[in-house]
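Here my numbering is used: the first residue of the sequence shown is 18, the next is one more, and so on. What follows is one structure encoded as C-alpha cells, with my remarks underneath.
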Amino acid sequence: MSRFISPRYTDLVPYIPGEQPKDPDIIKLNANETSMPPSPRVLAVLKSERMRHLSRYTDPSSMELKTALSRRYAVRTSEVLVGNGSDEILGLIFLTFFEQARIAYPDVTYGFYRTMARSFGIDHAEIPLRADFTVDVDAYVHSDRHIVLANPNAPTGYVLPVSEIERIVAANPQRLVVIDEAYVDYGNESCVPLIHKYDNLLVVQTMSKSRNLAGAHIGYCFGAASLIKDLEGMKAAFNPFNLSDVSMAIGTASVEDEVYFDHCVKETIAAREYTKEALRQLGFYVMDSHTNFVFVTHTWLTAEAYNAQLRAHGIIARHYPDDPRVSNFLRITIGTREEMETVIAATKEILCQLAA
Ligand SMILES: *Cc1c(COP(=O)(O)O)cnc(C)c1O
C-alpha cells in the first residue's frame with residue numbers, strides 16, 4: 018500500500034470473482050456465465066462498418082440501448098439506466114442512495130453487496146435466511162433499512178414470487194428496495210412492471226448471464242424516473258461515458274434478437290433439469306434452482322472433496338469454504354447439455370472411486 022491511499026480506503030476488501038483458467042479444455046462452470054456464444058447479430062455488429070467510428074465518443078445518454086430496452090420491457094427510456102455491468106449499476110445505487118444510510122440483505126446472497134457496503138462505509142445488516150435457505154420475507158416487511166435482494170437468490174437458486182416482493186415494497190414506502198434480477202430470465206416472473214406502481218423500487222438486470230455477454234459486461238436497471246434521474250446525475254458526475262459504443266451496439270443487437278435469446282434460455286433450462294434429476298439419482302440434495310446453476314450437497318461426499326475431484330476431471334465449480342452455512346455445498350453452473358453429461362459421468366466415477 019502506498020502512503021497516498023485515502024485513510025478511508027486502507028482496509029478495502031476486494032470481491033474475489035471465480036477463477037478464469039487459461040486452459041481451453043477446462044469445463045468452466047464456476048461463474049454462472051453461459052457456454053453459448055452471443056447472438057449472431059452481436060457478432061455481425063462487431064464486424065460492421067460502425068466499428069470504424071470508434072475514434073469518436075459515443076452518446077453519453079446511451080439512448081440507442083435505452084430505447085431497445087424500453088421496447089422490450091414496456092417502460093419509458095426515462096425509467097432505464099444502463100452501465101458497465103450490473104456491478105457498476107449496483108455501485109451507482111449504493112453511492113447515490115445508501116452512503117449515509119443503512120441497508121439490509123440476506124446473509125447468504127451475492128457476495129458483492131457486502132463488498133460494496135464495506136467499500137463505501139455503509140451500515141449493513143445481514144438478515145439470516147431461514148434454516149431451509151428461503152428468504153424471511155417478514156423480516157424485510159418490518160425493516161427500518163433499505164433493502165437489497167437478489168431474486169432468484171444466489172447461490173441458493175431459490176426465487177420469491179412477485180407478490181412477496183410487492184409485499185416488501187408496499188410495506189416500506191420510505192425505504193428503497195433494490196431487486197437484483199441477474200437470473201430472472203431462467204423461467205421466472207420479473208418485478209419490472211411494479212416500477213409503475215411504486216417509486217421506491219429499482220430492478221437491476223444484466224446481459225452477463227441469459228444473454229451470453231459476460232465479457233462485454235452490460236447491465237441495466239429500471240425504476241421510477243425520479244430514481245433514474247438521481248442515478249444519471251451520479252453517473253454524469255463520475256463517468257459520463259460509462260458504456261462504450263461497442264457495448265451499446267452489441268447490447269442493442271442482443272435485445273433485438275428475441276428468438277436467439279429464447280432458444281438459449283430454453284436450452285439452459287433443459288440442461289438444468291437434466292442435471293438436477295441426474296444428481297438427485299446419485300444421492301445429491303439439489304436445491305430447486307430457478308437459475309443457470311445448481312447448488313448441491315451430498316450425503317457422504319463432502320463439497321470440498323467433490324470440488325477437488327471435479328477439478329481433477331478438468332471441471333471447475335464454485336465452493337464457499339469460508340461460509341460455514343454453505344461450505345458443504347457446491348455451486349455448479351449449467352453449461353451445455355454435453356458439458357453437463359460430462360459432469361454427471363465424472364461424478365459417477367468420483368462416487369465409485371471414493372466409495373470403494
Ligand atoms: C452475476 C451477478 C451480478 C453481476 O453481473 P454483471 O452484470 O456481470 O456485473 C449481479 N448480481 C448477481 C446476483 C449476479 O449473480
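Glycine included, every Cβ here is placed at the ideal spot set by N, Cα and C. The model shown is predicted, which means the values in this text are computed figures rather than measured ones.
Item	Value
Which residue or residues does DSSP assign as beta-bridge partners of L166?	I196
Leaving out the 5 sequence neighbours to the left and right, which residues in its chain are closer than 7 angstroms to V186 when beta-carbon positions are compared?	V194, L211, Y215, N217 and L218
What are the residues that DSSP puts in a beta bridge with Q222?	Y237
For L371 and I44, I'd like the C-alpha separation in whole angstroms.	22 angstroms
Under 8 angstroms by Cβ, that's how I've got Y200 and T308 pegged, so tell me the actual separation to the nearest angstrom.	4 angstroms
How far does the beta strand (DSSP E) with I349 in it reach, from first residue to last?	L347 to T350
Taking 7 angstroms as the cut-off, is the C-beta of T132 nearer than that to any heavy atom in ligand 1?	no
Just to confirm the assignment: which complete alpha helix (DSSP H) runs, minimum length 4, are found wholly within the stretch 97–126?	102–110
Cβ-heavy atom distance between A295 and ligand 1 below 7 angstroms?	no
Look up D76 in the DSSP assignment and say whether it is helix, strand or coil.	coil
Could you work out which residue in F278, L248 and E356 is closest to E105 when comparing CA atoms only?	L248
For S382, I'd like the list of residues in its chain whose CB is within less than 7 angstroms of its CB, leaving aside the five on either flank, ordered along the chain.	Outside the displayed span of the chain (18 to 373) sits residue 382, for which this structure offers no information.
Sorry if obvious, but does the Cβ on H234 come closer than 7 angstroms to a heavy atom of ligand 1?	yes
As a quick exercise: from A270, A334, E356 and V313, pick the residue whose alpha carbon is nearest that of K64.	A270
Would you give the residue range spanned by the alpha helix (DSSP H) that D155 belongs to?	V154 to V158
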